[in-house]
Amino acid sequence: MADNNSILSVRNLSVGLEKDPDARIIDDISFDLGGGKVLGLIGEAGSGKTVLARALINGIGSPLIYRGGDVHYQDKNILTIPINELTKIRGNSIGYIGSNPAGALDPTVPIGGQIVEKLRSVNPSMSRKQATDRALEVLTAVRIPSPEVRFHEYPFQFSGGMMQRVMIVDALVTNPSVLIADNITQALDVTVAAQIIRLIQDLRDQFSTAILFISSSLPVVETIADEVMVLQQGKIVEQATPKALITKPKHEYTKSLLSRLPRIWGKDIKGPDAVETPNLMSVEDVHRTYYVRKKGTFRDMNAVQAVRGVSLDIREGENIGVVGESGCGKSTLTRLLAWLEEPQTGTIKFNGQDLSALDQKELTKLRQQFQLLLQDPYSSLPSRMSVGRIIAEPLLIHGIAEGTKLKERVRAAMTEVGLDPSLENQLTVGLSAGQRQRINIARALVLEPKLMILDETLSSLDQVEQSKLFELFDKLQKTHGFTYIFISHDMALVRKVCHRVAVMYLGRIVELAENNTLFENPAHPYSRALLSAVPTLDVHPFKSDEYLLEGEPPSPVHIPPGCSYRTRCPLALEICNRIDPKATMLAGGGQVSCHLVDQDQQAQSEQAATVT
Amino acid sequence: MLSFLTRRLFQGAIVLLIVTFAIFTLLRVVPGDPARLIVGGMAPDEVVVQKAEELGLNDPIPVQFIRYLGDLAQGDLGNSFFRPKSGATVGAAAFDDPSRDERAEVRDLIFERIPLTLQLAGLAVVFALLMSFPLGVAAGLNPGRWQDKLAFFTGSVFVSIPNFWLGIVLAQLFSVQLGILPSLGYKGFEYTILPAFVLAVGISPFIIRTLSVSIAGVMQEEFINVAPLRGLRRARIVAAHAIRNASIPLLNLFGIQLGSLLGVLLVVELIFDYPGLGRLTINAVLQRDFPIIQGVAIFISAAFVFINIIVDLAASYIDPRLEY
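Taken in sequence, the protein lines are chains A and B.
The first sequence maps to residues 1 to 612 in this note's numbering.
The second sequence maps to residues 613 to 936 in this note's numbering.
1) If you draw a straight line from the alpha carbon of K450(A) to that of M281(A), how long is it in whole angstroms?
2) Out of curiosity, what's the CA-to-CA distance linking G271(A) and K496(A)?
3) At least one CB of chain C closer than 9 Å to the CB of R90(A): is that the case?
4) Quick check: what's the CA-CA separation for I439(A) versus R409(A)?
5) Could you tell me which chain B residues have their CB closer than 7 Å to the CB of L105(A), listed as they occur along the chain?
6) Can you check which of these residues, V737(B), I883(B), L889(B) and P903(B), is closest to G690(B) by C-alpha distance?
7) May I ask you to list, following chain order, the residues of the segment 114-140 of chain A that have a beta carbon less than 8 Å from some beta carbon of chain B?
8) Three Cβ pairs or more, each shorter than 8 Å: is that satisfied between the segment 907-927 of chain B and the segment 118-131 of chain A?
9) Quick one: which residues of the segment 41-62 of chain A get their C-beta closer than 8 Å to a C-beta of chain B? List them in chain order.
10) Determine the chain B residues that contact G98(A) at a beta-carbon separation under 7 Å, and present them in chain order.
11) Tell me whether A763(B) is buried or exposed, calling it buried when 16 or more other Cβ atoms sit within 10 Å of its Cβ.
12) I think G34(A) touches N5(A), with their Cβ atoms under 8 Å apart; what is that distance to the nearest whole Å?
13) Enumerate in chain order the residues of its own chain whose CB-to-CB distance from L548(A) is below 8 Å, with the five nearest sequence positions on each side excluded.
14) Compare the C-beta of T87(A) with all C-beta atoms of chain B and state if any pair is closer than 9 Å.
15) Kindly say whether A625(B), judged by its beta-carbon, lies nearer than 9 Å to any beta-carbon of chain A.
16) Can you list, in chain order, the residues of its chain with a C-beta nearer than 8 Å to that of L427(A)? Leave out the 5 residues immediately preceding and following it.
17) So, does the CB of M867(B) fall closer than 9 Å to a CB anywhere in chain A?
18) Say whether chain B places a C-beta atom closer than 9 Å to the C-beta of Y66(A).
19) Along the chain, which unbroken stretches of the alpha helix (DSSP H) at least 4 residues long are found entirely within the segment 110-165 of chain A?
20) In the DSSP output, what is A613(A) paired with across the bridge?
21) Rounded to the nearest angstrom, what separates D598(A) and L179(A) at their Cα positions?
22) Just list the residues that DSSP pairs A733(B) with in beta bridges.
23) Closer than 7 Å, Cβ to Cβ, to anything on chain B: give me those residues from the segment 151-177 of chain A, in chain order.
24) Among residues of its own chain, excluding the 5 on either side of A53(A), which ones have a beta-carbon nearer than 6 Å to its beta-carbon?
25) Can you pull the chain B neighbours of T108(A), defined as C-beta to C-beta under 9 Å?
26) Taking the alpha helix (DSSP H) that I920(B) belongs to, which residues open and close that run?
27) Where does S383(A) fall in DSSP's three states?
28) Straight-line CA distance for D75(A) to G69(A)?
29) Can you have a look at A896(B) and say buried or exposed, based on whether 16 or more other CB atoms are within 10 angstroms of its CB?
30) Cα-Cα, which of G418(A), R436(A) and E448(A) is closest to L472(A)?
31) Between the alpha carbons of G703(B) and P887(B), how many angstroms are there, rounded?
32) Taking 9 Å as the cut-off, decide whether the C-beta atoms of A210(A) and L39(A) are in contact.
33) Spatial neighbours of K235(A) within its chain, please: C-beta separation below 6 Å, excluding the five flanking residues on both sides.
34) Look at the Cβ atom of R150(A), then the Cβ atom of G113(A), and state whether they are nearer than 9 Å.
35) Residue ranges of each alpha helix (DSSP H) run of no fewer than 4 residues wholly in the segment 778-850 of chain B, ordered along the chain?
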């Protein structure tokens, strides 16, 4: 049955639980991985992806147990060969990369040492010198800047994307014939994830490795795989080429997966149009710099410029999105907007009142009107307080209601967000992430605020929960006239709900535009780069070959002079080195900070002048 | 690294200064006139007054303290009240016996005993590690299994055995009945073995417990789980990564446990009549020989501060993420 070209063949593999003879995490899976091919595997959270990845290389332990089947690498059954044989294959002929690069290596040993250690473990005849040379060679191949220096650095000195490159080196350094990539882009920013995918594509040709590419994102798998398998509750329900799978899905589950994918571009896809309403909050040129002691010195400080001059008007009743890569200052801006921290310079006015001019009492009173919703529904709720008490807390703090009136308002808030009022006296233990997030919303809602600041509030929820909460947000906006600020890295979400979008880069807003303008006709090169990295099945207006960035943003400690984006900008001009571009207003109400746009505008106006 | 050292040494110096002041003041306010103690109960009063004047005991305490610090800076810890240079105690001699003036220097008294005490403490630590490592590591690798239970049981028994009882029983067994090991005084290395073993039994429960808990914790880490998939062998993973990462809590514990180790040391040295720092201190306390008590206390706190700096250095060498 196995075709001759197959390098890894899996037959009727089942994995269950030790304690339950009937449970199946992996259920009767068979497939063949052909030499040099990329086989994609797509599945939602909890479908058994990671268990399968590890089961293929005899890497599961208690409480999991094999319940049948076998895995053949060439002519050896990986599940039954003795450990000595196994170590010759695992890590040597079959490489493995996991989803969490930050935890994959010993934090107390430099990465180079660990790669050399691995190389010499699977290949004891290799000398230390040979192993070091080989590691450096592959570090160069994955385009890690200055590999000789980074060889001696520790895992904590690497960003997530760079660390994932290190793990790719770790897997490829033995020149394996099979690579198992288990959700390797999950923990990364979209731009960095797109870089990693492109790197894998390049390396695939260079190393002629067969890859089992596991992911929870169909658009990601689609870009790279020759063939895709769909995993649902431990079973493979469909296997086809990416094209066939997307255009002619056969199984119901595949169809529902496809229908749930958020759309970004397309004929009928449009974001909400901006509203013209009075300003609710105006942010004017706020700055926030943190001072951190330099390691190994007495009192030399590093100035981390987290937010450098952000101006933003938030209109009443609108949804405004703030997007950008990790470390661009989104979270600091959130803290400033929620007035958890004061800006060092610049002002924030809410309803015309300068927040810095208020005394403590007035501030507390005004705080009722703007509320922050956090990302993690688990750590943001006290675990020893009843649900009702958590929601009542703001009312008690502000002294708004007590006794039966308090109970009524709490119950009303619970009903409004779709929580069963009978949960009132329960603890939060055992509640789902969605229910917890609803408690969070109720807690903010009970004060009847005007502005809700949502810091990645929905990113920890699955697609279904997300869209339910969306409907809730929408309903609340209609009944209460809420204004929302969505701080997010999820472009699909922003596309769907935000009226206007601000793109942040290194502590600044580089472009602020209406939804449709930004997604269809962005003005700033960084906006285009960000959009090009978004994984989607839609016809992509921004090809990643053309727009995708290499490298990562500079550290906010050493911000390049001139235009801070020029170090990564493919279109940088000479003027960008010298002069920091000012925000230019665009027709249609957007604004952008880029010399290219300025020059275009200038040329256009000159043209217009000569014509008339 | 250098700035870390200077900072820590500076902090250590301040700690030492405070400790010195506290000890100095405490010893001045307890009852008992040092001058009278030095010259002996039979001396006439004017001799006492003269002696007090000579030693500067009539000056205010801060002045005395500054003078003491000045001497300390030159490495002079003062002279014992009772111990003559010759070695015999002068308690019974007449006040005008010339040996009273030839009192031993505290510094010499301490330094001649340090090697013996270090030898005892060092051997004890070696014994403790030899007992604790196999037990602790095995327990950490097999939580809930018999290795874990054995380690827990051993730890519980060791922590419950009174050291003076164990010392006497071991002396009875090995010295009196079997005659293999000596247990009184010091005439050679073999005299260190029994007291070191008693000390080791006192320390090892803490090492076993810390080691088993931190190894069990490290074994849950992602990088340990992934390591076999990367191609590393189990023995290598445990030896090079699990123990390495688990040793940091152990080092910190060692720095803290040092204090209680010294406490046990005093008792053990007394039981075995081991001529180390501990016995010197106990005799000094019994005789109210303040300069010695003072010198030993300052020396011990200096050692404590110094060893904790070494511990921090070692910890940050193993794990460079630790900010120093």
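Beta carbons: idealized from backbone N, C-alpha and C, even for Gly.
The relevant details are as follows:
1) 10 Å
2) 6 Å
3) In the structure shown, chain C does not exist; the protein chains are A and B.
4) 14 Å
5) F835
6) P903(B)
7) E117, K118, S121 and V122
8) no
9) R54, I57 and G59
10) V838
11) buried
12) 5 Å
13) T191, A194, Q195, R198, A529, S532 and A533
14) yes
15) no
16) S383, R384, M385, S386 and V387
17) Residue identity check: residue 867(B) is Gly in the sequence provided, not Met. By this cut-off, G867(B) is not an interface position.
18) no
19) 111-122, 128-141 and 147-150
20) With chain A covering only 1 through 612, there is no way to say anything about residue 613(A).
21) 48 Å
22) Paired residues: none, contrary to the question.
23) Y154, F156 and D170
24) I180, D182 and I214
25) H853, R856, N857, I860, I930, D931, P932 and R933
26) Strictly speaking, residue 920(B) in this sequence is Asn, with Ile absent from that position. F902 to I930 is the extent of the alpha helix (DSSP H) around N920(B).
27) coil
28) 15 Å
29) buried
30) G418(A)
31) With a pLDDT of 49 at G703(B), under the threshold of 50, the predicted position of this residue should be treated as unreliable, and no value is reported.
32) yes
33) D27
34) no
35) 802-831 and 834-842
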